[in-house]
Structure formats: structure tokens, C-alpha cells
Amino acid sequence: MEKIPTLFERDERFHVVDRPRAECAWVFDGAGVGTEKLDGTNVRLTVRSGQVVRVEKRRNPTKAQKQQGIVDGWYVETDQGSAEDKWILAAAGNTDVAGWPDGEHACEALGPRIQGNPLALDEHRCLPFNLQAPTVPDVPRSYRELQDFLATLDSSFSPGHLAEGIVFHHPDGRRAKIKRKDFPRPPAA
Numbered sequence: 343m344e345k346i347p348t349l350f351e352r353d354e355r356f357h358v359v360d361r362p363r364a365e366c367a368w369v370f371d372g373a374g375v376g377t378e379k380l381d382g383t384n385v386r387l388t389v390r391s392g393q394v395v396r397v398e399k400r401r402n403p404t405k406a407q408k409q410q411g412i413v414d415g416w417y418v419e420t421d422q423g424s425a426e427d428k429w430i431l432a433a434a435g436n437t438d439v440a441g442w443p444d445g446e447h448a449c450e451a452l453g454p455r456i457q458g459n460p461l462a463l464d465e466h467r468c469l470p471f472n473l474q475a476p477t478v479p480d481v482p483r484s485y486r487e488l489q490d491f492l493a494t495l496d497s498s499f500s501p502g503h504l505a506e507g508i509v510f511h512h513p514d515g516r517r518a519k520i521k522r523k524d525f526p527r528p529p530a531a
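Here this note's numbering is used: the first residue of the sequence shown is 343, the next is one more, and so on.
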């Protein structure tokens, strides 16, 4: 699982600065389409004949692994008996996969007991990135415009709640992201 790069370089406080990352130049050239970035937990569902047959969760490298050059995360099995995996499994169980093609589907697990439920959802479910990610039309492509846009972007998945951010998708498969919280907060008046 390849880590999606953030559009801009970061400062010492880990906020983005108005300096585009070279590998994201395609976004600033106007290529790709924006989709809503959802604030949940990254999982992978394996589907066969309209049934979930495997549920995996993302595991990120430890600090020691990062120092060894391991930067991309990977998926590990969930455990039916694990309290940690309970809500991921609930999300998978509540997701209708009857119309999904066979294969592995990276998803965002969302719901009342996942990541603080910023979208105020009533039930747990998984949203597949390749089938249902909400498209966001007319996303601006400059630092200031993106900062202003994300400050008020309503979630199309859960209207009345702010979207976490945008993931840009290039036709060749490249992706780039930006989150509202990546920007420094404006000074208080």
C-alpha cells in the first residue's frame, strides 16, 4: 500500500507551506479529479461472489521501521476476538457488497466508534475508494484557494459536517491529498 503524498511541503510544526511537492506537480497542472477524503480507518475487504471473505486493517510502520527505510503501510488480518477490531468488523458486516466485483477493495471504515465519528454517522460501514468515493467538482488548485475551500467544504457523504480533505486521482493511478488540518490555523482576531 503506497502512502499518498501531501500536495505541499511541511514546516517544523508539520503544517503545510505554500511550496508544492514536486511529485504532485500534475495536480497544479490541472490533471486529475478530486474526491472527498473521508476521516475513518483504512481497511481492505476481499469480496467473492457478493460476500466479504476477508477483512484487513492498515498497519503503519513504527518509528524504528521508518528509520530502516520502511515508509509504506501494509494490511494485516483483523481478529474476531479483538476489541480493537470490533468496529472495523461491524463496518464490514454492515456494508452491502452484493454488487461489488470480486477482488480486494481498499475502503474507509466509518461510524460511531471509529476515529471519533466526525461525520456523525448512525451506523458503521465501509466506503470503497474505487467504487463510491464522493467526487468533488471544481476543486481549486492553489495553496490559498485550497485552504479557504477546505475551511467550509461540506461533506457530500454526510451533509452538515465538514469534509476531512481532498484526494486527487490522476488517470494513470497517481494520487495526492490535502486535509483541512494540514494548514496552519489563522491567527485569532
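All C-beta atoms in this analysis are idealised placements derived from N, C-alpha and C, irrespective of residue type, glycine included.
Nearest neighbour of residue i, chosen from the options [CA to CA]
{"i": "R522", "options": "S497, D514, P454", "result": "S497"}
{"i": "E506", "options": "C366, Y485, D353, Q457", "result": "Q457"}
{"i": "Y485", "options": "E354, V369, R355", "result": "V369"}
{"i": "F510", "options": "K379, Q489, E351", "result": "K379"}
{"i": "R386", "options": "E446, D427, P501", "result": "E446"}
{"i": "W416", "options": "E398, K405, W429", "result": "E398"}
{"i": "F471", "options": "D353, C449, W442", "result": "C449"}
{"i": "P513", "options": "F356, E351, G374", "result": "G374"}
{"i": "P454", "options": "E487, P443, A367, R467", "result": "R467"}
{"i": "N436", "options": "F350, L469, E426", "result": "L469"}
{"i": "A475", "options": "S500, T388, N459, R390", "result": "S500"}
{"i": "G515", "options": "G376, A493, G423", "result": "G376"}
DSSP bridge partner residues for residue i (one or two, in chain order)
{"i": "Y417", "result": "R400"}
{"i": "I520", "result": "I508"}
{"i": "G376", "result": "V478, F510"}
{"i": "R386", "result": "E398, A448"}
{"i": "F350", "result": "P362"}
{"i": "P470", "result": "C449"}
{"i": "D464", "result": "Answer is none; D464 lacks a bridge partner."}
{"i": "Q393", "result": "R390"}
{"i": "P496", "result": "Looking at the sequence itself, residue 496 is Asp, so the reference to Pro does not match. D496 pairs with L504."}
7 Å CB neighbourhood of residue i in its chain, flanking five on each side removed
{"i": "V413", "result": "K345, P403"}
{"i": "I430", "result": "T383, V385, V397, K399, T420, A451"}
{"i": "D353", "result": "V359"}
{"i": "R527", "result": "none"}
Residues of its chain near residue i, where Cβ-Cβ distance is below 6 Å and the 5 sequence neighbours each way are ignored
{"i": "L495", "result": "A505"}
Cβ-Cβ separation, residue j to residue i (assumed contact under 8 Å), whole Å
{"i": "V358", "j": "F491", "result": "Not confirmed; about 14 Å, so no contact."}
{"i": "R363", "j": "P347", "result": "6 Å"}
{"i": "V389", "j": "D444", "result": "6 Å"}
Residues of its chain near residue i, where Cβ-Cβ distance is below 8 Å and the 5 sequence neighbours each way are ignored
{"i": "Q489", "result": "F525"}
{"i": "G392", "result": "V439, A440, G441, W442"}
>> For the region 476–483 against the region 447–463, do three or more pairs of beta-carbon atoms, one drawn from each stretch, fall closer than 8 Å, so that the two count as touching?
In response: no
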